Amino acid sequence: MKFIILAALVAVAAALPVDEKPVETLRSVSDQQADGGYNFAFEQSDGVKREETGVVKEVLNEDNEPQKVVVVRGSYSYINTEGKEEFINYTADEEGFHPEGPSIPVAPVARR
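Read left to right, the sequence shown gives residues -15 to -1, 1 to 97 (mature numbering (1 follows the signal peptide of the UniProt record, and there is no 0)).
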(Lines of atoms letter the chains of each structure in order from A and count residues from 1; the text may use other names and numbers.)
(Lines give C-alpha, C1' and ligand atoms only; values in the text may rest on other atoms or scores of the structure.)
Protein backbone atom coordinates (compact mmCIF):
# COMPACT_ATOMS: atom_id res chain seq x y z
CA MET A 1 0.00 0.00 0.00
CA LYS A 2 2.85 2.39 0.85
CA PHE A 3 4.37 1.67 -2.55
CA ILE A 4 1.14 2.67 -4.31
CA ILE A 5 0.97 5.94 -2.36
CA LEU A 6 4.63 6.65 -3.11
CA ALA A 7 4.11 5.89 -6.81
CA ALA A 8 1.10 8.22 -6.89
CA LEU A 9 3.09 11.04 -5.26
CA VAL A 10 5.94 10.57 -7.74
CA ALA A 11 3.45 10.67 -10.63
CA VAL A 12 1.90 13.90 -9.33
CA ALA A 13 5.34 15.49 -8.87
CA ALA A 14 6.37 14.47 -12.39
CA ALA A 15 3.19 15.99 -13.81
CA LEU A 16 3.88 19.43 -12.34
CA PRO A 17 4.51 22.12 -14.97
CA VAL A 18 8.13 22.81 -15.85
CA ASP A 19 9.24 26.38 -15.26
CA GLU A 20 10.04 27.49 -18.82
CA LYS A 21 10.66 31.01 -20.07
CA PRO A 22 7.89 32.45 -22.21
CA VAL A 23 8.74 32.52 -25.91
CA GLU A 24 9.07 36.03 -27.33
CA THR A 25 8.56 37.10 -30.93
CA LEU A 26 11.77 38.83 -32.02
CA ARG A 27 10.70 39.67 -35.58
CA SER A 28 7.42 39.41 -37.47
CA VAL A 29 6.57 40.77 -40.93
CA SER A 30 3.75 40.01 -43.34
CA ASP A 31 2.29 41.31 -46.58
CA GLN A 32 -0.88 40.36 -48.45
CA GLN A 33 -1.19 41.22 -52.17
CA ALA A 34 -4.50 41.97 -53.89
CA ASP A 35 -4.10 39.01 -56.27
CA GLY A 36 -3.94 36.51 -53.38
CA GLY A 37 -0.17 36.32 -53.09
CA TYR A 38 1.46 36.84 -49.72
CA ASN A 39 4.65 36.61 -47.71
CA PHE A 40 5.46 36.45 -44.04
CA ALA A 41 8.37 35.78 -41.74
CA PHE A 42 8.92 35.50 -38.03
CA GLU A 43 11.65 34.65 -35.55
CA GLN A 44 11.20 33.64 -31.91
CA SER A 45 13.47 33.70 -28.89
CA ASP A 46 13.48 29.88 -28.70
CA GLY A 47 15.25 29.63 -32.07
CA VAL A 48 12.17 28.96 -34.20
CA LYS A 49 12.23 30.79 -37.56
CA ARG A 50 9.85 30.64 -40.51
CA GLU A 51 9.57 32.39 -43.86
CA GLU A 52 6.95 31.78 -46.55
CA THR A 53 5.90 33.28 -49.88
CA GLY A 54 2.76 32.47 -51.84
CA VAL A 55 2.47 33.36 -55.53
CA VAL A 56 -0.69 32.95 -57.59
CA LYS A 57 -0.19 30.81 -60.69
CA GLU A 58 -2.60 29.71 -63.40
CA VAL A 59 -2.66 25.98 -64.26
CA LEU A 60 -4.97 23.74 -66.24
CA ASN A 61 -7.30 21.49 -64.24
CA GLU A 62 -8.46 17.96 -65.20
CA ASP A 63 -10.89 19.43 -67.73
CA ASN A 64 -8.14 21.56 -69.36
CA GLU A 65 -9.70 24.72 -67.94
CA PRO A 66 -7.53 27.45 -66.41
CA GLN A 67 -7.51 27.47 -62.63
CA LYS A 68 -5.61 29.70 -60.22
CA VAL A 69 -3.52 28.06 -57.51
CA VAL A 70 -1.15 29.46 -54.92
CA VAL A 71 2.41 28.14 -55.17
CA VAL A 72 4.04 28.27 -51.74
CA ARG A 73 7.78 28.34 -51.07
CA GLY A 74 9.20 28.60 -47.61
CA SER A 75 11.50 27.41 -44.90
CA TYR A 76 11.49 26.86 -41.19
CA SER A 77 14.06 26.00 -38.59
CA TYR A 78 14.06 25.07 -34.93
CA ILE A 79 16.41 23.81 -32.26
CA ASN A 80 16.04 20.05 -31.80
CA THR A 81 16.27 18.14 -28.51
CA GLU A 82 20.03 17.73 -29.02
CA GLY A 83 20.50 21.51 -29.26
CA LYS A 84 21.19 21.50 -33.01
CA GLU A 85 19.35 23.63 -35.56
CA GLU A 86 17.08 21.69 -37.93
CA PHE A 87 16.40 23.44 -41.24
CA ILE A 88 13.64 22.53 -43.72
CA ASN A 89 12.89 24.09 -47.12
CA TYR A 90 9.56 23.33 -48.75
CA THR A 91 7.36 24.01 -51.74
CA ALA A 92 3.66 23.33 -52.11
CA ASP A 93 2.00 23.51 -55.50
CA GLU A 94 -0.51 21.69 -57.70
CA GLU A 95 1.70 18.60 -57.36
CA GLY A 96 1.62 18.53 -53.52
CA PHE A 97 3.88 19.34 -50.57
CA HIS A 98 7.65 18.86 -51.06
CA PRO A 99 9.88 19.25 -47.98
CA GLU A 100 13.68 19.03 -48.20
CA GLY A 101 16.26 19.01 -45.46
CA PRO A 102 18.90 16.87 -43.78
CA SER A 103 16.40 15.39 -41.30
CA ILE A 104 13.86 14.40 -44.01
CA PRO A 105 14.31 10.74 -44.96
CA VAL A 106 14.83 10.04 -48.66
CA ALA A 107 13.04 7.04 -50.14
CA PRO A 108 15.31 4.51 -51.81
CA VAL A 109 15.22 4.28 -55.59
CA ALA A 110 13.28 1.24 -56.76
CA ARG A 111 15.19 -1.16 -59.00
CA ARG A 112 13.55 -2.93 -61.89
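Think of the CB as a built atom: it goes at the ideal place given N, C-alpha and C, for glycine as much as any other residue.
The structure displayed is predicted, hence computed values, not measured ones.
query, result
"Note the first and the last residue of the continuous beta strand (DSSP E) segment covering Arg12.", "Thr10 to Gln17"
"What three-state label does DSSP hand Ile89 in the structure shown?", "coil"
"Can you grab the Cα-Cα spacing for the pair Ile20 / Gly81, in whole Å?", "One detail in the question is off: residue 20 reads as Asp in this sequence, not Ile. So the two alpha carbons sit approximately 21 Å from each other."
"Straight-line CA distance for Glu67 to Arg35?", "20 Å"
"Near Ala77, what residues of its chain come up, given a Cβ to Cβ distance below 6 Å and the 5 sequence neighbours on each side ignored?", "Val57"
"Find the nearest neighbour of Glu79 within the set Arg12, Lys53, Gln18 and Asp31, judged by alpha-carbon distance.", "Lys53"
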